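Novice:
Numbering (my numbering), first residue to last: 12 to 677.
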């Protein structure tokens, strides 16, 4: 049964059901009780942002604002549901979801009402990512681009390129020149595919997820009567995680602000870390310029971390020039556990340190799920995964698949496998299908040809091998043959690292850049794999070790463990919004964290420092920062690595060094 409450309409002090002053700190209370107008709330890590938003909505409803005239925008529908449930508990009344939810939810509601004004029928279908890829595949095939002598851009890249163009409001030509210069030669064909894609969607009454936002923006811009309706309808607009909005989302919000100008955006500029997804740091940093009368509020009381962790994080982020300066203040008392810096001789001992440190923490009573290992890039977790597998330490990967289960890693492994076991049919077919114009049928024909021979590898380097392929695939068969010849030589059999690098340079780099939106990250993975392989004398030794580890890395390791009783391994990007009692950040060497690729961007260093800040503020009780002192490069050359600038610039009084002794104790 719905509970109701009566609003006081007298001119005296307002009487509220909720005790706002008693349940909020002074910073939160100021935000919740602010009368309105443009408001920018800079909410530091662990400062009760969600609580503040929830109480703000409750206070507006208690003041008589109908829930359906409040627009609450979040980045997940789950977050919106949870907020509304808390509002209902506070106010004692049901709150219809209505316009509360994600930008895509809002776009869907808008288009269902105004589809015809945008050339659609109200019963349009929404395509998911797989639907989008299928349609693009069909268009590429229809236009004849799948049969080009050179590899055409994959549909994964096309989806990424199209989505980024829509959400950043940058045309495809500009994005190709700025982010994907390797596709400049195919720009005309890419544009033709995407133009046809939009035409086919309209003809078939389809929209994709990006259209839900872009078509709503177009509808508001082109139809003044629709725009005016929504500006007058929404009496208050609240936006969560504003630092993560992209250009199109910020434009939507700005357009919806009506004559009341009651817009509250909540976020933390110090946690803006998703520019690679199209998030626009300028949205939050320029908010006071776009809304000159905006009031800025700061939530700086941190309920999560110890003073030791916060002091370190505060001292790090202050080095950024473009920011809303603030300092987080801890509620908790000092734990006496300092932030520690752990220099490790190399990545293998760094992994051993992580394992022993975690075992120590568990002996002290910490649950495995309250411990996390964080890193800048997924490849940095490889040695940790292997060490944990050897020791039987259960872990959960939050940054993707286990390292050796990833497609690009398994692709390279296929070439290595056929040089060791020429009867490995799955490896032959997988390797062959990486070449242009070689599909299932051609791969089966070529494998059948070599499998008849007593020595399949010798058959693969004969002239008959190329003739066994259909005419249009013979150039690819010849390229495959040249690589196999190279790998069969004694130089590669005795150096698995060099074999991996040869595969990458001869063919896989081109395949990766045309296939994966995150090609560089995958190529970095493969270089890390080559460095790991340099420890082994032959390809066979390397594959044998991985086979043993693969057997252990599956269900056997986790057998008998309760759900959740696993150490979390995650990139920092995936860890945002989460927290653990103990956090170990690894790979904190210069040009790894910060990434050397990110430093090429004018704003890259500051975003990398924000990423480091996010990593540090995930820790509740203990923060450990580790880095390898030596790296390994081509030619088996060891190189000295400098500690990350993000550690070097923090005052030494805020951290303690840890020296590993010979048995790796500390």
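Glycine residues also receive a C-beta, built at the ideal position from the N, C-alpha and C atoms.
All values derive from a computational prediction rather than experimental measurement.
1. If you check the beta carbons only, do residue 457 and residue 495 fall under 8 Å apart?
2. Measure the CB-CB distance between residue 387 and residue 598 and report whether it falls below 8 Å.
3. Would the segment 315-335 and the segment 356-365 be scored as touching if the rule is three or more Cβ pairs under 8 Å?
4. Tell me whether residue 227 is buried or exposed, calling it buried when 16 or more other Cβ atoms sit within 10 Å of its Cβ.
5. Can you list, in chain order, the stretches of the alpha helix (DSSP H) that have 4 or more residues and sit fully within the segment 146-183?
6. Can you name the start and end residues of the alpha helix (DSSP H) that residue 118 belongs to?
7. Take residue 510 as the anchor and find which of 486, 535, 424 has the nearest alpha-carbon.
8. Who does residue 355 pair with in a DSSP beta bridge?
9. Would residue 55 pass as a contact of residue 279 if the rule is Cβ separation under 8 Å?
10. Please state whether the Cβ-Cβ distance between residue 38 and residue 311 is less than 8 Å.
11. Would DSSP call residue 104 helix, strand or coil?
12. Can you name the start and end residues of the beta strand (DSSP E) that residue 406 belongs to?
13. With 16 as the cutoff for other CB atoms within 10 Å, does residue 3 come out buried or exposed?
14. Assign residue 583 to one of three DSSP states: helix, strand, or coil.
15. Return yes when the Cβ of residue 512 is within less than 8 Å of the Cβ of residue 541, no when it is not.
16. For the beta strand (DSSP E) that contains residue 591, what are its first and last residues?
17. For the beta strand (DSSP E) holding residue 249, just list the boundary residues, first then last.
18. Measuring CA to CA, which of 385, 288, 125, 273 is closest to residue 589?
19. For residue 184 versus residue 198, is the C-beta spacing smaller than 8 Å?
20. Give me whichever residues DSSP pairs with residue 344 in a beta bridge.
21. Go ahead and pull the three-state DSSP assignment for residue 40.
22. Which same chain residues end up closer than 6 Å to residue 450 when comparing Cβ atoms and leaving out the 5 residues on each side of it in sequence?
23. Looking at the structure shown, is residue 541 part of a helix, part of a strand, or coil, going by DSSP?
24. Helix, strand or coil for residue 668? Go by DSSP, reduced to three states.
25. In the structure shown, what three-state DSSP assignment does residue 603 receive?
26. Look up residue 4 in the DSSP assignment and give the residues it is bridged to.
27. If you pair each beta-carbon of the segment 189-205 with each one of the segment 118-132, do three or more pairs fall below 8 Å?
28. Exposed or buried, residue 565, counting other C-beta atoms within 10 Å across all chains shown (16 or more means buried)?
29. Where residue 632 and residue 405 are concerned, what is the direct C-alpha to C-alpha distance, given to the nearest angstrom?
30. Report, in whole angstroms, the separation of the C-beta atoms of residue 170 and residue 144, which I expect to be a contact under 8 Å.
31. In whole angstroms, give me the CA-to-CA distance for residue 603 and residue 139.
32. My assumption, with CB atoms under 8 Å, is that residue 281 sits in contact with residue 332. Please give the rounded CB distance.
33. Secondary structure at residue 308, three-state DSSP: helix, strand or coil?
34. Taking Cβ to Cβ, would you say residue 63 is nearer than 8 Å to residue 42?
Specialist: In short, the structure shows the following:
1. no
2. yes
3. no
4. buried
5. 166-179
6. 114-125
7. 424
8. 639
9. yes
10. yes
11. coil
12. 406-408
13. Any property of residue 3 remains undetermined from this structure, which presents the chain solely from 12 to 677.
14. helix
15. yes
16. 591-596
17. 247-250
18. 385
19. yes
20. Paired residues: none, contrary to the question.
21. helix
22. none
23. helix
24. strand
25. strand
26. Because the chain is modelled from 12 through 677, residue 4 falls outside the range shown and cannot be assessed.
27. no
28. In this predicted model, residue 565 has a pLDDT of only 39, less than 50, meaning its place in the structure is not dependable; the value taken from the coordinates is given anyway. Label assigned to residue 565: exposed.
29. 22 Å
30. 6 Å
31. 35 Å
32. That belief does not hold up - the Cβ atoms of residue 281 and residue 332 are roughly 13 Å apart, past 8 Å.
33. strand
34. yes
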